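Number 59 in this note's numbering belongs to position 59 of the sequence shown; there are no gaps in the numbering. Yeah, the Cβ is synthetic: ideal placement off N, Cα and C, and Gly gets one too. Bear in mind that the values here come from a model prediction, so they are computed numbers and not experimental data.
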Amino acid sequence: MSMLKIKKGDTVKVITGKDKGKEGKVIKADEKKVIVEGVNNITKHSKANQANPKGGIIHEEAAIDVSNVMYVHKGKATRIGFKTVDGKNGSKKVRVAKSTGDVID
């Protein structure tokens, strides 16, 4: 599997869509979609079940395309690149902020 540019726990900024300008933490990430807390809120109507005995209306975040968010580094949105660095156990691929060149993880 390829390395993801946006990962769970990253702070991101929405760059397009109805929530443009909002920032939040990534709750879940896969290759094409991310779920960001406080962004793209939807209303779901739920039938009664064991987990939710009463049923009713549930408010939750929906997935947003990964191309609509940018990683926030030192308070500014930046693109992410990859670089290989040498370590004890050979070379390792790491994420790098394009604006500053700093290693993210």
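Proximity to residue i [Cα-Cα], best of the options
i, options, result
"Glu60", "Ala51, Ile27, Gly9", "Ile27"
"Ser99", "Thr78, Lys88, Gly87", "Thr78"
"Asn68", "Leu4, Thr11, Lys20", "Lys20"
"Gly9", "Gly17, Lys22, Glu31, Val36", "Val36"
"Ile64", "Ala51, Gly56, Asp105, Glu31", "Glu31"
"Asp102", "Lys92, Ile80, Gly87, Asp86", "Ile80"
"His73", "Ser46, Ile57, Lys92, Lys25", "Lys25"
Check: residue i C-beta below 8 Å from any heavy atom of the ligand NAP
i, result
"Thr43", "Absent from the structure shown: the ligand NAP. Ligands present: none."
Per DSSP, cross-strand counterpart(s) of residue i
i, result
"Arg95", "Phe82"
Test item: CB-CB of residue i and residue j under 9 Å
i, j, result
"Lys13", "Glu23", "yes"
"Asn89", "Ala62", "no"
Nearest-angstrom beta carbon gap, residue j and residue i [assumed within contact, 8 Å]
i, j, result
"Lys83", "Val66", "Contact flag wrong, Cβ pair sits at about 20 Å."
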